[in-house]
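Numbered per our numbering, the sequence shown finishes at 91, counting up by one with no gaps. Just so you know, even glycine gets a beta-carbon here, dropped at the ideal spot from N, CA and C. Heads up, the thing below is written out as structure tokens.
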Amino acid sequence: MFRVPVDGFAAFRRGFHLFPTGVRGVTDAGLKPRPIRTAAVLGGGLMGSGIATALALAGVDVLLKEVNQQFLD
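This is the structure:
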């Protein structure tokens with residue numbers, strides 16, 4: 019874990035809200051989300067396995083890519 023200097027973090031926090039997101043004139047009011055049927059997770063370590071498990075429990079087919087055999091056992 020690392021610590022960010024207080025003055026640097028405060029500047030970052032202030033600057034974060036200065037830039038609007040999205041494109042002017044474009045809205046997503048008419049968009050509808052598509053269901054997720056299949057997802058790929060890269061890495062089966064602590065975080066990747068947790069994400070893969072959550073997706074599988076939600077009924078999503080999961081493809082897991084791992085290069086280290088110990089995380090697959």
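F59 and L82 closer than 8 Å at C-beta: Checking the sequence, you will find Val at residue 59 rather than Phe. Contact flag set, yes.
In or out: A72 buried (at least 16 other Cβ within 10 Å) or exposed? With fewer than 16 other Cβ atoms within 10 Å, it is exposed.
Could you tell me how far apart the beta carbons of D79 and R52 are, in whole angstroms, since I believe they sit closer than 8 Å? Between R52 and D79 the Cβ distance is about 15 Å, and since that is not below 8 Å, they are no contact.
For A57, which of G48, R42, G43 and A76 has the nearest alpha-carbon? Of the candidates G48, R42, G43 and A76, the one whose C-alpha sits nearest the C-alpha of A57 is A76.
Ordered along the chain, which non-local residues of its own chain (more than five positions away) have a Cβ less than 6 Å from that of I69? Cβ within range, chain order: V59.
Looking at C-alpha atoms only, which residue of L49, K50 and N86 is the closest neighbour of S67? In terms of CA proximity to S67, N86 leads the group L49, K50 and N86.
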